[in-house]
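4 protein chains.
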Amino acid sequence: MRVGVLTGGGDCPGLNAVIRAAVRKGVQQYSYEFVGFRDGWRGPLEGDTVPLDIPAVRGTLPRGGTILGSSRTNPLKVDGGIRRIKENLAKEEVDALIAIGGEDTLGVAARLADEYGISCVGVPKTIDNDLSATDYTFGFDTAVNIATEAIDRLHTTAESHMRVLVVEVMGRHAGWIALHSGLAGGANAILIPEQRFDLDEVCKWVESRFKVRYAPIVVVAEGAMPKDGQMILKDESKDSFGHVRLSGVGEWLAKQIEARTGKEARTTVLGHVQRGGTPSAFDRWLATRFGLHAIEAVKDGDWGKMVALRGTDIVRVPLTEATAKLKTVSPEEYKEAGVFFG
Amino acid sequence: MRVGVLTGGGDCPGLNAVIRAAVRKGVQQYSYEFVGFRDGWRGPLEGDTVPLDIPAVRGTLPRGGTILGSSRTNPLKVDGGIRRIKENLAKEEVDALIAIGGEDTLGVAARLADEYGISCVGVPKTIDNDLSATDYTFGFDTAVNIATEAIDRLHTTAESHMRVLVVEVMGRHAGWIALHSGLAGGANAILIPEQRFDLDEVCKWVESRFKVRYAPIVVVAEGAMPKDGQMILKDESKDSFGHVRLSGVGEWLAKQIEARTGKEARTTVLGHVQRGGTPSAFDRWLATRFGLHAIEAVKDGDWGKMVALRGTDIVRVPLTEATAKLKTVSPEEYKEAGVFFG
Amino acid sequence: MRVGVLTGGGDCPGLNAVIRAAVRKGVQQYSYEFVGFRDGWRGPLEGDTVPLDIPAVRGTLPRGGTILGSSRTNPLKVDGGIRRIKENLAKEEVDALIAIGGEDTLGVAARLADEYGISCVGVPKTIDNDLSATDYTFGFDTAVNIATEAIDRLHTTAESHMRVLVVEVMGRHAGWIALHSGLAGGANAILIPEQRFDLDEVCKWVESRFKVRYAPIVVVAEGAMPKDGQMILKDESKDSFGHVRLSGVGEWLAKQIEARTGKEARTTVLGHVQRGGTPSAFDRWLATRFGLHAIEAVKDGDWGKMVALRGTDIVRVPLTEATAKLKTVSPEEYKEAGVFFG
Amino acid sequence: MRVGVLTGGGDCPGLNAVIRAAVRKGVQQYSYEFVGFRDGWRGPLEGDTVPLDIPAVRGTLPRGGTILGSSRTNPLKVDGGIRRIKENLAKEEVDALIAIGGEDTLGVAARLADEYGISCVGVPKTIDNDLSATDYTFGFDTAVNIATEAIDRLHTTAESHMRVLVVEVMGRHAGWIALHSGLAGGANAILIPEQRFDLDEVCKWVESRFKVRYAPIVVVAEGAMPKDGQMILKDESKDSFGHVRLSGVGEWLAKQIEARTGKEARTTVLGHVQRGGTPSAFDRWLATRFGLHAIEAVKDGDWGKMVALRGTDIVRVPLTEATAKLKTVSPEEYKEAGVFFG
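Chains as they are written, first to last, in our numbering: chain A, 1 to 342; chain B, 1001 to 1342; chain C, 2001 to 2342; chain D, 3001 to 3342.
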């Protein structure tokens, strides 16, 4: 058995841990051979490969990023894309393909498996934690830890100067990073894409915090939007999956708060530091187990499936189901956090 | 409604987060009053209290330990213990008691609730993660992160000197910390209390690692024991719950490995650093949610119950059920990790 | 002897350590009394004080920010400012004043001591490390560690996507944080305010990095400027010392690099996280020693002096001398780093 | 010019940063060639080499340990050792040798340079910071940060249980790590090898801490000894430089404190975690500059010299002078810290 592996979409701490675990188990337990495809779907599309064996994955467990490279290439949008992938898989004598990625990468894998008979197994990856069918995705815990540590640091600056500090974290469509880091960091307001925020209410929370002689921290997901629909988003570009890149809500919010409350406000946009660097222990554990179970799925010939976390168990779910619906913060979960606002 | 709160057993990152969340929600949402009992069950036993309100819990979210103090006092072993607790609860006009603790502390709470009609709600706490009925307990993730970071550091020393490094982590009866930190840290052997280890096999793993010019890390839980039953444990003392304190397996193991393989071996005993200091983001989030849901249980008058994590949900389970059985690493989970040994 | 203490200017990890050490030594060794003035020079100007004794400073060593608050109030710009300060010091029966701050705060202290006979001792504080007369100021090491950790994280994202990552760090007039974190983080270009950069050269470095299949990290101080004098700075506001707030070089640079090299480029602005949170061990040690030696200066009646680090010794220098000249990165030091560019 | 590089003695965060900087500067600026010798003096003694060029050092800056390996081999104790080293250097066409190490490694380099005409340049390395002639050695700052973080964590456990926590840190002959981490961590007693401690006094400090309802942390260097000369050291082994390995003062001290004060006491021995893992920003900066300046010394043919830190400058000093005298904590520096005891 010869297994191809690729990683697609934005990088995420834990990708190397998945690859390493799959290779270790495949080689040692089942004597599989492996080949790495470079830069997501671009690899099988263009036949761009790297050798993948146990020496190649040594020492990669604590390293962020992906040794295979990544891209947002969508082969379904490329003329003859499917045919070229099939040819290159055949040329490399690949019997099974493990695709590690988010909604987009796995969506392609689902179609290749279901419509074109390619033996694909998926491993879910999204730093935003917004894939349904799995309790958590790796990378998310690392991002939340980094954001929480930043909020911890910002508290002392806020208190020293009695300023409002707005922290913009990742999360275009789902507020998981904002919700978890906001709760863990003791934020006085958490704003998420799932629920439009009311500027008056935010300002009320800000002011009530100052009344007890403390300074407020406002955590805002990059995709959060104000209630009155005021246009704050700059359309920068679209990728090949048609996703728009947004930016600017944190900066905008600080200015609005300053104008309305008369308090100094500053913004910190955490940006890329949230997705880089060494994975947390949880993410290394989860990614490692995903890699091990992906090999089990390959061994079982269980194509078109994705590994997923349910409680403390790793299970398999259909790729189509997994990518069908975005997992967002429910109104109940958001309301639960509300007791800490203000 | 006046709610008493106590924390019992070994300290654990996240205890303050539970207390803070309970007080915030109780005061703001339901206008409850709170009173803190000092040092676990010693507090209600001796009527030793501290004021507990919102200002008292401010700034405690990121702080390890417990602002209420802790002890291993077992009131069931004290003459007239139950009576004295009832009297002190009455004197303090306490309508409900939230007990935060492990098997021992919650075992007392279960009996007080079920046999003596005291309105108790439990919050599970064990750094060892060995309570059944909950997927995770807070403190565990912090301990695993600390142990993993230590293992990361020890790898470079092991490689530089081509030495065996034995890391002894917490876990008397359950190997969860060893299993998770060993997997996350890339250990070459993980030894847990659930399964007696074979010294010959450990030495074989050690030697196979040196063959590829790498140096091995052996992670051993403090309660792990060798197969041949050789007595390695020093009985130091017993606490009031009759638990024996053990020590020494790491040191002993390094000597055995050195003697059998001829390779230099060193031991690091992580000890108390695993349970102190600021909680990880996950533990702050979990502890906070436990605190919020404990108040909901109080509001519902759902006595004799414990909050627990199932997947991403907080549920309630009977205290008796929760403390009935130790949650240990299953043979399957241990075997899954075995692919990385050697 | 009754000693007043104030902290002025931007907050900085280590301020509390100075205060704590001064109070501990003053109270225990010399039986001094202390009083804290709130928010820098606003405190003595308006007679706004807080009690300051050993219990007040307990537990503050690891905490960032300042328990006394801070501001950029300049009493020399306030009508009758000096008179009001003298009156309030007399009212509080303050015999000596310890002013902890940067160029501005210490500049006021120097004039109060030299021209108005107020018994002032200074402790230097600047996260930018740009005060002459001291080898290092506390806060700087913490900021460099935070920036370095961020650069470590960004490397993996840059490699995974083969992108340019621009990291904007603090440093309006001096490039110390950029130089040290850039060297420590393995940056491929470091741009500082002391030397105007050449965009063509920066792009050459960027391209040469991609040629060896690695992705470049560009570290840029917020005050760095391009050679051709292109206006990139947004004048946001001026504080009472007349300092202009700048912003935007990182964002601008990424766009220029993208346009000129055709490579994707992203910016991360570290911002306030660099100055908040728990101080590094070095900063706690340095700040503690500054506090201890400030009390020695008070005991010696050595007014108009500032404590300073020379090698591993704490010495005293005249406040006027200390604040006369900005300490900037020399051309030799910058050239030394150049071997790593590209 | 062909330059040999070796690393000797205990591993230390920053070794790879020295090697990388030397290679980068040597290759790019002067077109030098490099060869690595394995495992300290064993490399040139046995002619055991590894290729050393820019690709070999890529990515090593943040990595602890040494890519060249290390050992405590003393070639002066080996029959014909000098002759064999000369032969192997000639065989490898090595024109200059950069020896990175502590007292022992540099002592050999000094004799090779001064007595046998071998073109040696030294780079000082000791995690204990006990080399005279340099303000700091790299690795020390990392060790102090790790020890301080551990002390931070132990405070919360000590407080929660009102226990004494004894932390044993590195330092056989010099108390620098104990002094700096003890000051930075807010220890209530710091015991160093330079000054025998009085158990009665230590117990007095411990008890005075409990009186204010806080729990004490005692930091003890592994080489600290009690006043009454009670034998506490276990002679484990001697290395080829005749150094005895000691152990046990922390454990012993906790038992003594428990027996004398009646308070529960626990010990944490930090051990090898202090010397492994990624270097702090300061150590990366210092090690990098040492590497750059070692190449300058090579270029100048300044044999028998060692690079050293003086204030913020890198200077050169004779190797003989540098290794002649141990740098220990002076009575004044120790006394300065005493204000925090108790």
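Glycine included, each C-beta is placed from N, C-alpha and C at the ideal position.
Item to complete: Measure the C-alpha to C-alpha separation of residue 2219 of chain C and residue 3287 of chain D and round it to an integer number of angstroms.
Response: Here residue 2219 of chain C corresponds to residue number 219 of the third sequence, with the count starting at 1. Here residue 3287 of chain D corresponds to residue number 287 of the fourth sequence, with the count starting at 1. One C-alpha to the other measures close to 20 Å.
Worksheet entry | For residue 1261 of chain B and residue 1167 of chain B, believed in contact at Cβ under 8 Å, the rounded distance | Here residue 1167 of chain B refers to the residue found at position 167 when the second sequence is read from its first residue. Here residue 1261 of chain B refers to the residue found at position 261 when the second sequence is read from its first residue. Actually they are not in contact, since the Cβ atoms of residue 1167 of chain B and residue 1261 of chain B sit about 17 Å apart, beyond 8 Å.
Practice prompt. For residue 1078 of chain B, name the three-state secondary structure that DSSP assigns.
Written response: The residue given as residue 1078 of chain B occupies position 78 in the second sequence. The answer is coil: DSSP assigns residue 1078 of chain B none of H, G, I, E or B.
Worksheet item: Under 7 Å between C-beta atoms, does residue 266 of chain A make it to chain C?
Response: Along the first sequence, one-based indexing puts residue 266 of chain A at 266. Yes - at least one Cβ of chain C is within 7 Å of the one on residue 266 of chain A.
Fill in: Residue from D:3329, D:3063, D:3022 with nearest C-alpha to residue 3275 of chain D
Position 275 of the fourth sequence, counted from the first residue, corresponds to residue 3275 of chain D. That would be D:3063, whose Cα lies nearest to the Cα of residue 3275 of chain D.
Practice prompt. For residue 3173 of chain D, collect the residues of the same chain with a Cβ closer than 8 Å to its Cβ; drop the 5 residues on either side in sequence, then sort them by chain order.
Written response: As a working mapping, residue 3173 of chain D is identified with position 173 in the fourth sequence. Taken in chain order, the residues that qualify are 3128, 3130, 3193, 3223, 3326, 3328.
Worksheet item: Looking only at its own chain, which residues have a Cβ that is under 7 Å from the Cβ of residue 3136 of chain D, when we skip the five neighbours before and after it?
Response: Within the fourth sequence, residue 3136 of chain D is the residue found at index 136, counting from 1. Closer than 7 Å at Cβ, skipping near neighbours: 3129, 3286, 3309.
Fill in: Beta carbon proximity, residue 1060 of chain B to chain A, threshold 7 Å
On the second sequence, residue 1060 of chain B is found 60 positions in, with the first residue counted as 1. Not closer than 7 Å to any Cβ of chain A, the Cβ of residue 1060 of chain B fails to qualify, so no.
Worksheet entry | Closer than 7 Å at the beta carbon, the chain C residues around residue 150 of chain A | On the first sequence, position 150 is the one that residue 150 of chain A refers to. Those within 7 Å of residue 150 of chain A in chain C are 2273.
Worksheet entry | Spatial neighbours of residue 3089 of chain D in its chain, beta-carbon cut-off 8 Å, leaving aside the 5 residues before and after | Your numbering for residue 3089 of chain D matches position 89 in the fourth sequence. Counting only Cβ-Cβ distances below 8 Å, and skipping sequence neighbours, we find 3004, 3044, 3097, 3118.
Discussion item. Just to make sure I have the definition right: I need the residues of chain C whose C-beta is within less than 7 Å of the C-beta of residue 3180 of chain D. Which are they?
Written reply: If you number the fourth sequence from 1, residue 3180 of chain D lands on position 180. Chain C residues near residue 3180 of chain D: 2281, 2285.
Item to complete: Please decide whether residue 2311 of chain C counts as near chain D, where near means a Cβ-Cβ distance under 7 Å.
Response: Mapped onto the third sequence, residue 2311 of chain C falls at position 311. Closer than 7 Å: yes.
Discussion item. For chain A, check one thing: does any of its Cβ atoms lie closer than 7 Å to the Cβ of residue 1191 of chain B?
Written reply: Position 191 of the second sequence, counted from the first residue, corresponds to residue 1191 of chain B. For residue 1191 of chain B, the answer is no, since every Cβ of chain A falls outside 7 Å of its Cβ.
Item to complete: With a threshold of 16 other CB atoms inside 10 Å of the CB of residue 215 of chain A, please say whether the residue is buried or exposed.
Response: Taking the first residue of the first sequence as 1, we reach residue 215 of chain A at position 215. That one is buried.
Worksheet entry | As assigned by DSSP and simplified to three states, the class of residue 2236 of chain C | Translated into the one-based positions of the third sequence, residue 2236 of chain C becomes position 236. Reliability fails at residue 2236 of chain C, whose pLDDT of 47 lies under 50, so the model's placement of it is uncertain and the value that follows must be treated cautiously. Of the three classes helix, strand and coil, the one that applies to residue 2236 of chain C here is coil, per DSSP.
Worksheet item: How many angstroms separate the CA atom of residue 53 of chain A from the CA atom of residue 67 of chain A?
Response: The residue given as residue 53 of chain A occupies position 53 in the first sequence. The residue given as residue 67 of chain A occupies position 67 in the first sequence. Each residue's Cα considered, the two are about 12 Å apart.
Discussion item. Taking only three categories from DSSP, how would you classify residue 1244 of chain B?
Written reply: For this step, residue 1244 of chain B is matched to residue 244 along the second sequence. Any reading at residue 1244 of chain B needs caution, since the residue's pLDDT is 46, under 50, leaving its predicted position unreliable; the model's value is listed next. Looking at residue 1244 of chain B - three-state DSSP - the assignment turns out to be strand.
Worksheet entry | C-alpha distance - residue 2252 of chain C paired with residue 1162 of chain B, whole-angstrom precision | Here residue 2252 of chain C refers to the residue found at position 252 of the third sequence. Here residue 1162 of chain B refers to the residue found at position 162 of the second sequence. Distance between the alpha carbons of residue 2252 of chain C and residue 1162 of chain B is about 48 Å.
Worksheet item: Is the stretch 36–50 of chain A in contact with the stretch 6–26 of chain A, if contact means three or more CB pairs nearer than 8 Å?
Response: yes
Discussion item. For residue 1153 of chain B, would you say it is in contact with chain D, using Cβ-to-Cβ distances shorter than 7 Å as the test?
Written reply: The residue you call residue 1153 of chain B lines up with position 153 of the second sequence. Yes, because at least one Cβ of chain D sits closer than 7 Å to the Cβ of residue 1153 of chain B.
Worksheet item: In whole angstroms, what separates the C-alpha of residue 2322 of chain C from that of residue 208 of chain A?
Response: Looking up residue 2322 of chain C in the third sequence gives position 322. Looking up residue 208 of chain A in the first sequence gives position 208. Distance between the alpha carbons of residue 2322 of chain C and residue 208 of chain A is about 42 Å.
Discussion item. Starting from residue 3034 of chain D, trace the beta strand (DSSP E) in both directions and tell me its first and last residue.
Written reply: For the purposes of this step, residue 3034 of chain D is taken as residue 34 along the fourth sequence, with counting starting at 1. Start and end: 3033–3037.
Worksheet item: What three-state label does DSSP hand residue 2319 of chain C in the structure shown?
Response: Against the third sequence, residue 2319 of chain C aligns to sequence position 319. Three-state result, residue 2319 of chain C: helix.
Fill in: Closest residue to residue 74 of chain A among A:56, A:60, A:51, A:111 (Cα-Cα distance)
The residue you call residue 74 of chain A lines up with position 74 of the first sequence. Looking at the Cα atoms, A:111 is the closest of the given residues.
Practice prompt. Tell me, please, whether the CB atom of residue 1156 of chain B is closer than 7 Å to any CB atom in chain D?
Written response: The residue labelled residue 1156 of chain B in the question sits at position 156 within the second sequence. Closer than 7 Å to some Cβ of chain D, the Cβ of residue 1156 of chain B qualifies, so yes.
Discussion item. Under 7 Å, Cβ to Cβ, is there at least one residue of chain B near residue 288 of chain A?
Written reply: Along the first sequence, one-based indexing puts residue 288 of chain A at 288. By this cut-off, residue 288 of chain A is an interface position.
Discussion item. For the structure I just gave you, are there three or more beta carbon pairs, one from the stretch 2025–2033 of chain C and one from the stretch 2146–2164 of chain C, closer than 8 Å?
Written reply: no
Worksheet item: In three-state DSSP terms, what is residue 282 of chain A?
Response: Taking the first sequence and counting its residues from 1, the one referred to as residue 282 of chain A is at position 282. In the structure shown, residue 282 of chain A sits in a helix (DSSP, three-state: H, G or I).
Worksheet item: DSSP on residue 1126 of chain B, reduced to helix/strand/coil?
Response: Here residue 1126 of chain B refers to the residue found at position 126 of the second sequence. The answer is coil: DSSP assigns residue 1126 of chain B none of H, G, I, E or B.
Discussion item. By the DSSP assignment, the beta strand (DSSP E) with residue 1002 of chain B in it spans what residues?
Written reply: Within the second sequence, numbered from 1, the residue matching residue 1002 of chain B stands at position 2. Element bounds for residue 1002 of chain B: 1002–1007.
Discussion item. By alpha-carbon positions, which one of C:2057, C:2335, C:2266, C:2049 ends up nearest to residue 2024 of chain C?
Written reply: Looking up residue 2024 of chain C in the third sequence gives position 24. Among C:2057, C:2335, C:2266, C:2049, the Cα nearest to that of residue 2024 of chain C is on C:2057.
Worksheet entry | Where the stretch 3021–3046 of chain D meets chain C: residues whose CB sits under 9 Å from a CB there | 3021, 3024, 3025, 3028, 3029
Fill in: Own chain partners of residue 2264 of chain C with C-beta closer than 6 Å, once the 5 adjacent residues on each side are dropped
Residue 2264 of chain C sits at position 264 when you count from the first residue of the third sequence. 2163, listed in sequence order.
Practice prompt. Look up residue 3343 of chain D in the DSSP assignment and give the residues it is bridged to.
Written response: Not covered by the structure: residue 3343 of chain D. The range shown for chain D is 3001 to 3342.
Discussion item. Less than 7 Å between CB atoms is the rule here; does residue 3262 of chain D satisfy it with respect to chain B?
Written reply: Here residue 3262 of chain D refers to the residue found at position 262 of the fourth sequence. No, residue 3262 of chain D lies away from the interface with chain B (no Cβ there is under 7 Å from its Cβ).
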